[in-house]
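First the structure, in the form of structure tokens, and then the observations on it.
There are 2 protein chains.
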Amino acid sequence: MASRRRVGEFELIARYFAPLARSFAGAGGLESDNAFLPADARHDIAVKTDTIVSGVHFLGDEAPRRVAAKALRVCLSDLAAGGAAPLAYQLSLALPHGWQERWVAAFARGLSADQRRYGIVLCGGDTVVTPGPLTVTITAFGTVPRGRGLGRAGARAGDELWASGTIGDGALGLLAARGRLKGLGAGDRTALEARYRLPRPRIALGRCLIGVAHAAADVSDGLLADAGHIAAASRLAVHIERDRLPLSAAARRALSLDPALWANVLGGGDDYELVIAVPPRRRAALLAVARLAGVRVTPIGRFERGAGVWLTADGKATKVPRAGYVHF
Amino acid sequence: MASRRRVGEFELIARYFAPLARSFAGAGGLESDNAFLPADARHDIAVKTDTIVSGVHFLGDEAPRRVAAKALRVCLSDLAAGGAAPLAYQLSLALPHGWQERWVAAFARGLSADQRRYGIVLCGGDTVVTPGPLTVTITAFGTVPRGRGLGRAGARAGDELWASGTIGDGALGLLAARGRLKGLGAGDRTALEARYRLPRPRIALGRCLIGVAHAAADVSDGLLADAGHIAAASRLAVHIERDRLPLSAAARRALSLDPALWANVLGGGDDYELVIAVPPRRRAALLAVARLAGVRVTPIGRFERGAGVWLTADGKATKVPRAGYVHF
């Protein structure tokens, strides 16, 4: 068969779906993590939909409460990037043939635990049976101050790029879960795998970024891709310094054993950290709100005039080929 | 294998998901078609999520623009039942392996046509690839006057039950599409099949029902089931007279050829008409707004104290066994 290149998710959105959203200001041209619907005089409602499919976005052997947590948290991570406070969510659950009631019971317990943890509550949805794999779609709603929700557009030349937490653990955790990091100690493998299986959305930090950041995105497609999305939506270039990336001790040890894993750290997804465009004059404000939220933030690069993603590694700056379109 | 009865969709919701929605007033205990989020001082936002799976909720051979129309319209039908004016929607598209770009292009054209027809616009979503069948989840938003959105609860003893349009064409259309109505003329089969393949949500009528109806639901699970949902949510019994059901000429001919098809007309779904609880004193108002909307409405029964669904056919009233849990 001729190998004709498939268009990727972002091209599909730009080509076919963005035109359908052109007349709705709150959709932001589908360039950001969230859409914004007008709520009351002082608030908008941030809206985000995410679908996870068994065997694609989570491992088929995953415990039901963890599937629930992952489905909810990947959406909450987007709300965090928008600066939103969680409000409610809709759940579409497509159960495979042969589903068991006890699976659903455990899944619901998982949702319940996360509802308490993140202050969000179910408000409706749909349940169907599918001949395909278990598929969970969540549409989450959050509130932001009117007109001030954060998107990917809005970064300005000179803004610094910051990252929350540590980067690369999600992608390394997926490798660990698949038994591919044999050389690493068991403790490190377990720690990384936990990061992959159970995202920790940066809700507390995200809410504090309004008034501090110009733009934000969550790291779901990979650091280079998601920082690149901010750059593209803001019509700028982004320069990232690899050696400034915040790494966990486990990731650091994995990289020292196998430097080829840098590709996973930079290009893999599922970190669910935030990348944030902040003007240098608001550096102190960012550090203050991050301390308040109990999250470490690290400057890893900056936005400049131009286009594309530039990576400095081993003292050499290289333009990164179109990043993040690969996992679709 | 022992045949252990599976719990149905509504039991699953009541047992595991309604408790998760208990603290959110706008979720209405998950008993209605829509949830309501507070919007501005004068409006709420009605929210509804529906998932359709290829081979389950639509035929695998369906044209992409019709899949788009079905996905959007089943959601719009729920908004209609809530009395909502369409606002925007989120789309989750799970594409099967081997998807074709031209399929997506035609699907997007279908959405575009319906956006113009119903005054709704895309505001975000997610696109993934699945090893399973094509699956489309839409979360639709509409606006209703503050605190006045219609639900299934709210009918009162003495209210009349009305139906819009004609009942049973959806279920008979599915049979026609599967080649099971051979005795019927080709014109009738085509007309019924079109009703199955392409719902016509009663948006114009639904919006006019606020201030007229006490409760409403769309006929997606089947007439007996959906009228029964209003009765159950309103803690009442509903009495339906089979011979007053509004039937299309094609359905009438199908029933005269095979009276066993009454089971499909009464119990099959996919009509996407509205069943409406209206106090007798508002009969004139209902007829006026229906005329305005260009939709026929027919009184087919009434709500009384008690519980359950009662059907009068051939002069005999019978209590209908738990209806509508069968298609899950």
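Chains as they are written, first to last, in our numbering: chain G, 745 to 1072; chain B, 745 to 1072.
Heads up, the beta-carbon is just placed ideally off N, CA and C, and yes, glycines get one too.
As the structure is a computational prediction, the values presented were derived from the model and not from experiment.
Taking PHE761(G) as part of the beta strand (DSSP E), name the residues at either end of that continuous run.
-> Looking up residue 761(G) in the first sequence gives position 17. Segment: none, PHE761(G) is in no beta strand (DSSP E) and carries neither H nor E.
Is the shortest distance between the beta-carbon of TYR862(G) and the beta-carbons of chain B less than 9 angstroms?
-> Here residue 862(G) is taken as the residue at index 118 of the first sequence, counted from 1. Not an interface residue.
Answer yes or no: do THR883(B) and THR793(B) have a C-beta to C-beta separation smaller than 9 angstroms?
-> Taking the second sequence and counting its residues from 1, the one referred to as residue 883(B) is at position 139. Taking the second sequence and counting its residues from 1, the one referred to as residue 793(B) is at position 49. The answer is yes: Cβ separation under 9 angstroms.
Kindly list, in the order they appear in chain G, the residues whose Cβ is closer than 8 angstroms to that of LEU764(B).
-> Mapped onto the second sequence, residue 764(B) falls at position 20. For LEU764(B), the chain G residues whose C-beta falls within less than 8 angstroms of its own C-beta are ALA852, LEU855, SER856, GLN859, VAL865, LEU866, listed in chain order.
Nearest neighbour of THR1042(G), chosen from LEU919(G), ALA1032(G), ALA857(G) [CA to CA] | Indexing the first sequence from 1 puts residue 1042(G) at position 298. Checked all of LEU919(G), ALA1032(G), ALA857(G); the closest Cα to THR1042(G) is ALA1032(G).
Identified DSSP bridge partners for PRO830(G) | As a working note, residue 830(G) is residue 86 in the first sequence. Answer by DSSP bridge pairing, in chain order: GLY886(G).
DSSP bridge partner residues for LEU781(G) (one or two, in chain order) = Your numbering for residue 781(G) matches position 37 in the first sequence. As computed with DSSP, LEU781(G) is found in a beta bridge with ILE789(G).
In chain G, which residues lie with their C-beta within 8 angstroms of the C-beta of VAL751(B)?
-> The sequence position of residue 751(B) within the second sequence is 7, counting from 1. Those are GLU845, listed as they occur along chain G.
Between which two residues does the alpha helix (DSSP H) carrying PRO871(G) extend?
-> Here residue 871(G) refers to the residue found at position 127 when the first sequence is read from its first residue. A small correction: the amino acid at residue 871(G) is Thr; Pro does not occupy that position in the sequence shown. No alpha helix (DSSP H) holds THR871(G); the beta strand (DSSP E) holding it covers 865 to 874.
Residue ranges of each alpha helix (DSSP H) run of no fewer than 4 residues wholly in the region 939 to 1015 of chain B, ordered along the chain?
-> Considered as a whole, the region 939 to 1015 of chain B harbours 947 to 952, 967 to 977, 993 to 1001, 1006 to 1011 as its complete alpha helix (DSSP H) runs of no fewer than 4 residues, in chain order.
Boundaries (first-last residue) of the alpha helix (DSSP H) holding ALA850(G) | One-based indexing of the first sequence puts residue 850(G) at position 106. Run containing ALA850(G): 845 to 862, per the alpha helix (DSSP H) assignment.
Starting from the beta carbon of SER836(B), find every residue of chain G whose beta carbon is closer than 7 angstroms, and list them in chain order.
-> Position 92 of the second sequence, counting from 1, holds the residue named residue 836(B). Here the neighbours are THR793, THR795, THR881.
What in chain G is Cβ-close to ALA813(B), meaning under 7 angstroms?
-> Here the question's residue 813(B) lines up with position 69 in the second sequence. For a Cβ distance threshold of 7 angstroms, nothing in chain G lies close to ALA813(B): the least Cβ distance comes to about 14 angstroms.
Give a yes or no on contact between the region 889 to 902 of chain G and the region 815 to 829 of chain B, applying the rule of three or more CB pairs nearer than 8 angstroms.
-> Note that the region 889 to 902 of chain G does not touch the region 815 to 829 of chain B; fewer than 3 beta-carbon pairs, one per stretch, sit closer than 8 angstroms.
Could you name the residues of the same chain whose beta carbon sits closer than 7 angstroms to that of ALA815(B), not counting the 5 residues immediately before and after it, in chain order?
-> By one-based count along the second sequence, residue 815(B) stands at place 71. Contacts found: ILE796, VAL880, ILE882.
In terms of residues, what are the limits of the beta strand (DSSP E) holding LEU905(B)?
-> Against the second sequence, residue 905(B) aligns to sequence position 161. In the DSSP annotation of this structure, the continuous segment of the beta strand (DSSP E) that includes LEU905(B) starts and ends at 904 to 908.
Identify whether SER776(B) lies in helix, strand or coil by the three-state DSSP scheme.
-> Here residue 776(B) refers to the residue found at position 32 of the second sequence. Reduced to three states, the DSSP call for SER776(B) is coil.
Any idea if MET745(B) is buried or exposed, counting beta-carbon neighbours within 10 angstroms, 16 or more meaning buried?
-> Your numbering for residue 745(B) matches position 1 in the second sequence. Low confidence applies to MET745(B): its pLDDT is 30, below 50, so where it sits in the model is not reliable enough to give any reading.
Evaluate PRO1065(G) with the Cβ neighbour count: other Cβ atoms within 10 Å of its Cβ, from every protein chain shown; 16 or more gives buried, anything less gives exposed.
-> As a working note, residue 1065(G) is residue 321 in the first sequence. Classification for PRO1065(G): exposed.
Chain G residues whose Cβ lies nearer than 7 angstroms to that of LEU894(B) | Position 150 of the second sequence, counted from the first residue, corresponds to residue 894(B). For the C-beta of LEU894(B), not a single chain G residue is nearer than 7 angstroms; the gap to the nearest is close to 15 angstroms.
Count the C-beta pairs between the region 780 to 791 of chain G and the region 761 to 771 of chain G that are closer than 8 angstroms, then say yes if the count reaches three, no if not.
-> Touching, yes, given that three or more Cβ pairs across the two stretches are closer than 8 angstroms.
Straight-line gap, ARG860(G) to ARG939(G) (C-alpha atoms, nearest Å) = The residue labelled residue 860(G) in the question sits at position 116 within the first sequence. The residue labelled residue 939(G) in the question sits at position 195 within the first sequence. Here the alpha carbons of ARG939(G) and ARG860(G) stand approximately 20 angstroms from one another.
Contact between the region 989 to 1002 of chain G and the region 1037 to 1055 of chain G: three or more CB pairs below 8 angstroms?
-> Yes, the region 989 to 1002 of chain G touches the region 1037 to 1055 of chain G.
Roughly how far, in whole angstroms, is the beta-carbon of LEU774(G) from the beta-carbon of GLY868(B), given that I think they are within contact range, below 8 angstroms?
-> Counting from 1 along the first sequence, the entry for residue 774(G) is found at position 30. Counting from 1 along the second sequence, the entry for residue 868(B) is found at position 124. That belief holds up - the Cβ atoms of LEU774(G) and GLY868(B) are roughly 6 angstroms apart, short of 8 angstroms.
Using a beta-carbon distance cut-off of less than 9 angstroms, what residues from the region 999 to 1028 of chain G approach chain B?
-> Against chain B - using a Cβ distance shorter than 9 angstroms - the region 999 to 1028 of chain G contributes no residues.
Do ALA935(G) and ASP913(G) come within 9 angstroms of each other at the CB atom, strictly closer than that value?
-> If you number the first sequence from 1, residue 913(G) lands on position 169. If you number the first sequence from 1, residue 935(G) lands on position 191. Contact flag set, yes.
Verify whether the separation of the beta carbon atoms of LEU1018(G) and ARG951(G) is less than 9 angstroms.
-> In the first sequence, the residue the question calls residue 1018(G) occupies position 274. In the first sequence, the residue the question calls residue 951(G) occupies position 207. Result no, Cβ atoms of LEU1018(G) and ARG951(G) do not sit closer than 9 angstroms.
Mind the definition here: the region 962 to 979 of chain B touches the region 998 to 1015 of chain B only if three or more C-beta pairs lie below 8 angstroms; say whether that holds.
-> Yes, the region 962 to 979 of chain B touches the region 998 to 1015 of chain B.
Using a beta-carbon distance below 9 angstroms, is PRO943(G) in contact with chain B?
-> Residue numbering aside, residue 943(G) sits at position 199 when the first sequence is read from its first letter. Cβ-Cβ to chain B under 9 angstroms: no for PRO943(G).
HIS801(B) at chain G interface by Cβ criterion, 9 angstroms | The count along the second sequence starts at 1 and reaches residue 801(B) at position 57. Judged by the 9 angstroms Cβ criterion, HIS801(B) is in contact with chain G.
Give the C-beta separation of ALA1021(B) and HIS958(B) to the nearest angstrom, bearing in mind that I take them to be a contact with Cβ-Cβ under 8 angstroms.
-> The count along the second sequence starts at 1 and reaches residue 1021(B) at position 277. The count along the second sequence starts at 1 and reaches residue 958(B) at position 214. Indeed, because the Cβ distance is near 5 angstroms, the residues count as touching under 8 angstroms.
Beta carbon proximity, ASP870(B) to chain G, threshold 9 angstroms | Taking the second sequence and counting its residues from 1, the one referred to as residue 870(B) is at position 126. At least one chain G Cβ lies under 9 angstroms of ASP870(B).
Would LEU905(G) pass as a contact of ILE954(G) if the rule is Cβ separation under 9 angstroms?
-> Here the question's residue 905(G) lines up with position 161 in the first sequence. Here the question's residue 954(G) lines up with position 210 in the first sequence. Their beta carbons are not under 9 angstroms apart, which means LEU905(G) does not touch ILE954(G) by this criterion.
Assign LEU896(B) to one of three DSSP states: helix, strand, or coil.
-> Here residue 896(B) is taken as the residue at index 152 of the second sequence, counted from 1. Correcting the residue identity first, residue 896(B) is Arg in this sequence and not Leu. Per DSSP, reduced to three states, the secondary structure at ARG896(B) is coil, with no helix or strand assignment.
Thinking just about the alpha-carbon of each residue, which of ALA915(B), PHE885(B), GLU753(B), PRO889(B) is nearest to the one in ALA864(B)?
-> For this step, residue 864(B) is matched to residue 120 along the second sequence. Note that residue 864(B) is Ile in the sequence shown here, rather than Ala. Residue PHE885(B) is the option with its Cα nearest to ILE864(B).
Looking at the unbroken alpha helix (DSSP H) that takes in GLU755(B), where does it start and where does it end?
-> Indexing the second sequence from 1 puts residue 755(B) at position 11. First-last of the alpha helix (DSSP H) with GLU755(B): 753 to 756.
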